[in-house]
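Protein sequences, first through last, are from chains A and B. First residue of the first sequence: 980, per the numbering used here; consecutive thereafter. First residue of the second sequence: 1419, per the numbering used here; consecutive thereafter.
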Amino acid sequence: AQTVTQSQPEMSVQEAETVTLSCTYDTSENNYYLFWYKQPPSRQMILVIRQEAYKQQNATENRFSVNFQKAAKSFSLKISDSQLGDTAMYFCAFMERSRGTYKYIFGTGTRLKVLA
Amino acid sequence: EAQVTQNPRYLITVTGKKLTVTCSQNMNHEYMSWYRQDPGLGLRQIYYSMNVEVTDKGDVPEGYKVSRKEKRNFPLILESPSPNQTSLYFCASIPQRGKTSTDTQYFGPGTRLTVL
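This is the structure we're talking about:
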């Protein structure tokens, strides 16, 4: 069965610094998708970044980028120039299509605090 | 505005009193899903629906029911709530495949349920 592991329950970073959140997953599939979601105190789930497994190029979205290592089954999120608004819970998620449906698996989350 | 809505946002109830949490999306998405979020456990899927009248169990379906009579609505029903169903609940939807689909889930704002 697919699993997603986030080994850092909590992290902190100084404003304007860079932080990396780790995520590893386990699957026997070759085609799948990986996501990072942000959950601020408002509890809304916000998509941060998305990576297709068949793409070798790492996805980037402004200050957010990923380091996708398919062989190692690793999908870390790097936040550059951290801002106070980045304070949130971050969830890594794995998705595959199977028999016409979607299977999403979420990690347990990393709580990030950006310090002024 | 394209969105997923949930009601109520907050609910406190007592053991055994039937309740329904509504979910509606205005994006004509075929796939809809319910999750519960608990500390240290991330998001776990309760039920999902691939289309009208097509529903299936997720990872934690016990104690829950769903229905999909219309494409836009996907209510979550707790016939006899118990304290272990106290949680944060999210409804989500995914666009149809092949129609600018990115397989990305769009989440509702969440429903905080407390069962006493």
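Where a beta carbon is used, it is the ideal one built from N, C-alpha and C, also for glycine. Quick caveat, the model's predicted, so the values are computed rather than measured.
Item: Assigned secondary structure, Gly1086(A) (DSSP; H/G/I helix, E/B strand, else coil); Value: coil
Item: Partners in chain A for Pro1479(B), counting only beta-carbon separations shorter than 9 Å; Value: Those within 9 Å of Pro1479(B) in chain A number zero; the least Cβ separation is about 15 Å.
Item: Test: Tyr1083(A) CB closer than 8 Å to a CB of chain B; Value: yes
Item: Residue environment, Gln1421(B), which counts as buried when at least 16 other CB atoms sit within 10 Å; Value: exposed
Item: Neighbour flag for Phe1492(B) against chain A, beta carbons, 8 Å; Value: no
Item: Beta-ladder partner(s) of Leu1000(A), from DSSP; Value: Leu1056(A)
Item: C-beta neighbour in chain A for Tyr1449(B), strict 8 Å; Value: yes
Item: Interface residues of chain B facing Thr1087(A) [CB-CB closer than 8 Å]; Value: Gly1458, Leu1459, Gly1460
Item: Exposure of Ile1512(B), with buried meaning 16 or more beta-carbon neighbours within 10 Å; Value: buried
Item: Contact under 8 Å by Cβ, Glu1480(B) with Lys1436(B); Value: no
Item: Start-to-end residues for the beta strand (DSSP E) that takes in Ser986(A); Value: No beta strand (DSSP E) contains Ser986(A), which DSSP labels as neither H nor E.
Item: Tyr1507(B) and Arg1427(B) closer than 8 Å at C-beta; Value: no
Item: Inter-residue Cα distance where the pair is Lys1517(B) and Thr1080(A); Value: The pLDDT assigned to Lys1517(B) is 48, lower than 50, so where the model puts this residue is not dependable; a value taken from the coordinates is nonetheless given after this. Rounded to the nearest angstrom, the two C-alpha atoms are 16 Å apart.
Item: Own chain partners of Leu1429(B) with C-beta closer than 8 Å, once the 5 adjacent residues on each side are dropped; Value: Leu1437, Val1439, Thr1529, Arg1530, Leu1531, Thr1532
Item: Beta-carbon contacts of Asp1065(A) that lie in its chain and below 7 Å, excluding the five residues immediately before and after; Value: Ile1058, Leu1091, Val1093
Item: Pick from Ser1077(A), Ser1053(A), Ala1095(A), Val998(A) that is closest to Leu1013(A), judged by C-alpha positions; Value: Ser1053(A)
Item: Pick from Gly1526(B), Gln1503(B), Asp1521(B) that is closest to Gly1434(B), judged by C-alpha positions; Value: Gln1503(B)
Item: Proximal chain B residues relative to Gln1048(A), where beta-carbon distance stays under 8 Å; Value: Near Gln1048(A) there are no residues of chain B at all, since even the closest Cβ is about 21 Å away, more than 8 Å.
Item: Residue-level contact to chain A via CB, Thr1518(B), 8 Å cutoff; Value: In this prediction, Thr1518(B) has a pLDDT of 48, which is less than 50 and means its spatial position is unreliable; nothing more can be read from the coordinates.
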